[in-house]
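S.K.: Per this note's numbering, the very first residue in the sequence shown carries number 5; after that it's consecutive. Mind having a look at this structure? Questions to follow.
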Amino acid sequence: MKPIAGTVHHVSDSERGQTLAAFLRTKLGDRSWSHVQKMVRTRHVMIHGNICTDVARRLQDGEVVKVLDIAAVAPPKADALRIVHLDDSVVVVEKPTGVTTTRHSEEQSWSPRRRQVQPTLDEMVPVAVARYLAARRGNESKKTRRNPPVRAVHRIDRETSGLVVFARTVPAERILADQFRAHTTHRRYRAVAVGRVQAGMMISNLVRDRGDGKRGSSGTEDGKRAVTHVTPVEHFGDAYTLVECRLETGRTHQIRIHLAESGHPVCGDRVYSAPRGVEAFDDSGAPRVALHAAELGFVHPVTGEDLRAVSPLPADMQKLIAFLRSSHQSTPAAASGETKAGKPAGKLGGQPSEKPAGKGADTTASHSGAQGVTQSSRTRHRPASKGPSRRPNRPRRK
Numbered sequence: 005m006k007p008i009a010g011t012v013h014h015v016s017d018s019e020r021g022q023t024l025a026a027f028l029r030t031k032l033g034d035r036s037w038s039h040v041q042k043m044v045r046t047r048h049v050m051i052h053g054n055i056c057t058d059v060a061r062r063l064q065d066g067e068v069v070k071v072l073d074i075a076a077v078a079p080p081k082a083d084a085l086r087i088v089h090l091d092d093s094v095v096v097v098e099k100p101t102g103v104t105t106t107r108h109s110e111e112q113s114w115s116p117r118r119r120q121v122q123p124t125l126d127e128m129v130p131v132a133v134a135r136y137l138a139a140r141r142g143n144e145s146k147k148t149r150r151n152p153p154v155r156a157v158h159r160i161d162r163e164t165s166g167l168v169v170f171a172r173t174v175p176a177e178r179i180l181a182d183q184f185r186a187h188t189t190h191r192r193y194r195a196v197a198v199g200r201v202q203a204g205m206m207i208s209n210l211v212r213d214r215g216d217g218k219r220g221s222s223g224t225e226d227g228k229r230a231v232t233h234v235t236p237v238e239h240f241g242d243a244y245t246l247v248e249c250r251l252e253t254g255r256t257h258q259i260r261i262h263l264a265e266s267g268h269p270v271c272g273d274r275v276y277s278a279p280r281g282v283e284a285f286d287d288s289g290a291p292r293v294a295l296h297a298a299e300l301g302f303v304h305p306v307t308g309e310d311l312r313a314v315s316p317l318p319a320d321m322q323k324l325i326a327f328l329r330s331s332h333q334s335t336p337a338a339a340s341g342e343t344k345a346g347k348p349a350g351k352l353g354g355q356p357s358e359k360p361a362g363k364g365a366d367t368t369a370s371h372s373g374a375q376g377v378t379q380s381s382r383t384r385h386r387p388a389s390k391g392p393s394r395r396p397n398r399p400r401r402k
């Protein structure tokens, strides 16, 4: 007997303290103990959006338990994590979809065993770095080495894939965090959106609750200013568009909100939809939010050089685009003159740097071959003065 697809159950005060297995047995009724236990252990159950494989887990009131029809994909191993750039101060990696950048505050007390069920990117990166460096040392790989933690300076959503930079030292964390806070970093995303998207600049003030419990634009001076530059890359008839989005600011869910509110939600986005009365039907079959952090640029916190990392579209988005090309008439946006004047849609990619960026740099640090970091400018910037260390603001997700 299969699990009930999309079944959602809220834990009441009277159900607090029940084990997950007992709770599900009560809710599902006709399921045997062995079936419920198998369902949990085979990754068919989520609590507050996180996979739980512990049948003895005690539930708290207010928690949300969801039963999946299809088992959740196992998280990627640290060995499979692609390191794009590595030096003594920073590491740039490609985040796979389905992984959160950092652990939420309510998850900080999780046991190591529970964390392994659904590791976060900042927990995977130190392991990947240590294994990469050990492999390069040859025989020294047998020695036990510490995996110093990395420090998050920004985040991207769980379903969003693409480039993320972590600091490896406290001074680097402070300097990089200042750059993200001042919006001086370069961030360019690629997304597949519903409808025929035109080039333009989207500006609004974003608030945590626009009135329906979701983040969105306030329509007033309340909130934080958000600016997104959108350029169409390829149209699939009038049904869908591959777009490039450059962030001038970096607010939580900024791209998803701006595209949705303009009537062109990102394919696969089940949270942000087009405004009421606007037709935006998504039958693309996108398995997740079709959004990828394709370019990331920043000033190196030690050398002062401009670094820019590039990342090709992952396999699932390439497959989605191939399907849309086969089912709709594909037209490059540049051919129709719809890209911004003087700024045609650029091809992602780049040549690996010929010169290492920073002490101990390795621009091809990857288990599967690196796209690399290009030093887009040889101009050196003077890093911010060290001064007293302070804790950076909590990084935001796109």
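All C-beta atoms in this analysis are idealised placements derived from N, C-alpha and C, irrespective of residue type, glycine included. Please read all numbers here as calculations on a predicted model, not as lab measurements.
Run through the DSSP bridge pairs and tell me what I325 is partnered with.
M.R.: The partner list for I325 (beta bridge, DSSP) is empty, contrary to what the question assumes.
S.K.: Where do the ends of the beta strand (DSSP E) carrying D310 lie?
M.R.: Where D310 is concerned, the enclosing beta strand (DSSP E) stretches over 309 to 314.
S.K.: Give the DSSP bridge partners of L295, in chain order.
M.R.: According to DSSP, which records beta bridges pairwise, L295 is partnered with A195.
S.K.: Which full runs of the beta strand (DSSP E) of 3+ residues lie inside the stretch 207 to 251, going along the chain?
M.R.: Runs found: 228 to 240, 244 to 251.
S.K.: For A176, report the span of its alpha helix (DSSP H) as first-last.
M.R.: 174 to 185 is the extent of the alpha helix (DSSP H) around A176.
S.K.: T30: buried (16+ other C-beta within 10 angstroms of its C-beta) or exposed?
M.R.: Classification for T30: exposed.
S.K.: Helix or strand or just coil, what does DSSP make of H13?
M.R.: Strand at H13.
S.K.: So, is I55 buried or exposed, given that buried needs 16 or more other C-beta atoms within 10 angstroms?
M.R.: When all chains shown are included, I55 counts as buried.
S.K.: What residue from V169, T173, Y193 has the CA that sits closest to F184's CA?
M.R.: Of V169, T173, Y193, the residue nearest in Cα terms is V169.
S.K.: Taking all protein chains shown into account, do 16 or more other C-beta atoms lie within 10 angstroms of the C-beta of V293, making it buried, or fewer, making it exposed?
M.R.: V293 should be labelled buried.
S.K.: Buried or exposed: M205, going by 16 or more other Cβ atoms within 10 Å of its Cβ?
M.R.: Exposed is the call here.
S.K.: Taking the straight line between their C-alpha atoms, what separation do you get for R280 and E265?
M.R.: C-alpha separation (whole angstroms): 10 angstroms.
S.K.: Among residues of its own chain, excluding the 5 on either side of S277, which ones have a beta-carbon nearer than 8 angstroms to its beta-carbon?
M.R.: Counting only Cβ-Cβ distances below 8 angstroms, and skipping sequence neighbours, we find A264, P269, A284.
S.K.: What residue from R20, D310, V71, Q22 has the CA that sits closest to R45's CA?
M.R.: Of the listed residues, the one whose Cα sits closest to R45 is V71.
S.K.: Between which two residues does the alpha helix (DSSP H) containing R45 stretch?
M.R.: Element bounds for R45: 37 to 45.
S.K.: Please classify A326 as buried or exposed, where buried requires at least 16 other C-beta atoms within 10 Å of its C-beta.
M.R.: Result: exposed.
S.K.: Give the single residue among G254, H233, R250 whose Cα lies nearest to the Cα of A298.
M.R.: A298 has its Cα closest to that of R250, out of G254, H233, R250.
S.K.: Note the first and the last residue of the continuous beta strand (DSSP E) segment covering F170.
M.R.: Segment 165 to 171, the beta strand (DSSP E) holding F170.
S.K.: Assuming contact is defined by CB atoms lying nearer than 9 angstroms, are P236 and A186 in contact in what I supplied?
M.R.: Their beta carbons are not under 9 angstroms apart, which means P236 does not touch A186 by this criterion.
S.K.: Opposite V68 in the DSSP bridges: which residues?
M.R.: Answer by DSSP bridge pairing, in chain order: H14.
S.K.: Mind checking D65: buried by the 16 CB within 10 Å criterion, or exposed?
M.R.: That one is exposed.
S.K.: Nearest CA to the CA of P175: which residue from G220, K323, V154?
M.R.: Nearest of G220, K323, V154 to P175, Cα basis: V154.
S.K.: Note down, in chain order, each residue of its chain lying with its Cβ closer than 6 angstroms to the Cβ of T11, except the 5 sequence neighbours on either side.
M.R.: The residues are V71.
S.K.: Is the closest heavy atom of the ligand PLP to the C-beta of G66 under 8 angstroms?
M.R.: In terms of ligand content, the structure shown is empty, and the ligand PLP therefore cannot be addressed.
S.K.: Here's the rule: buried if 16 or more other CB atoms are within 10 angstroms of the residue's CB, otherwise exposed. What is R219?
M.R.: So R219 ends up on the buried side.
S.K.: Take the Cβ of G301 as the centre, count every other Cβ of all protein chains shown within 10 Å, and call the residue buried at 16 or more, exposed below.
M.R.: It counts as buried.
S.K.: Alpha carbon to alpha carbon, how far is T173 from R312?
M.R.: Answer to the nearest angstrom: the Cα atoms are 20 angstroms apart.
S.K.: Measure the C-alpha to C-alpha separation of Q22 and L63 and round it to an integer number of angstroms.
M.R.: Answer to the nearest angstrom: the Cα atoms are 6 angstroms apart.
S.K.: Tell me which residues share the same chain as G199 and place their Cβ nearer than 8 angstroms to its Cβ, disregarding the 5 neighbours each side in the sequence.
M.R.: Around G199: D242, A243, Y244, T245, G267, H268, A284.
S.K.: Does DSSP classify E283 as helix, strand or coil?
M.R.: It is coil, neither helix nor strand.
S.K.: Could you spell out the range, first to last residue, of the alpha helix (DSSP H) harbouring P130?
M.R.: Where P130 is concerned, the enclosing alpha helix (DSSP H) stretches over 125 to 141.
S.K.: So S89 is in the alpha helix (DSSP H); what residue range does that whole segment cover?
M.R.: The sequence shown places His at residue 89, not Ser. It is not in any alpha helix (DSSP H) - H89 instead sits in the beta strand (DSSP E) that spans 86 to 90.
S.K.: Thinking C-alpha only, which one of T335, D182, R214, E252 is nearest H304?
M.R.: Per the Cα distances, D182.
S.K.: Can you grab the Cα-Cα spacing for the pair L24 / I74, in whole Å?
M.R.: Looking at the two C-alpha atoms, the distance is approximately 19 angstroms.
S.K.: So K99 and S165 are in contact, right, with Cβ under 8 angstroms, and what is the actual spacing, rounded?
M.R.: The Cβ separation is near 6 angstroms, so the contact holds.
S.K.: For A134 and V88, what's the separation of their Cα atoms in angstroms?
M.R.: So the two alpha carbons sit approximately 15 angstroms from each other.
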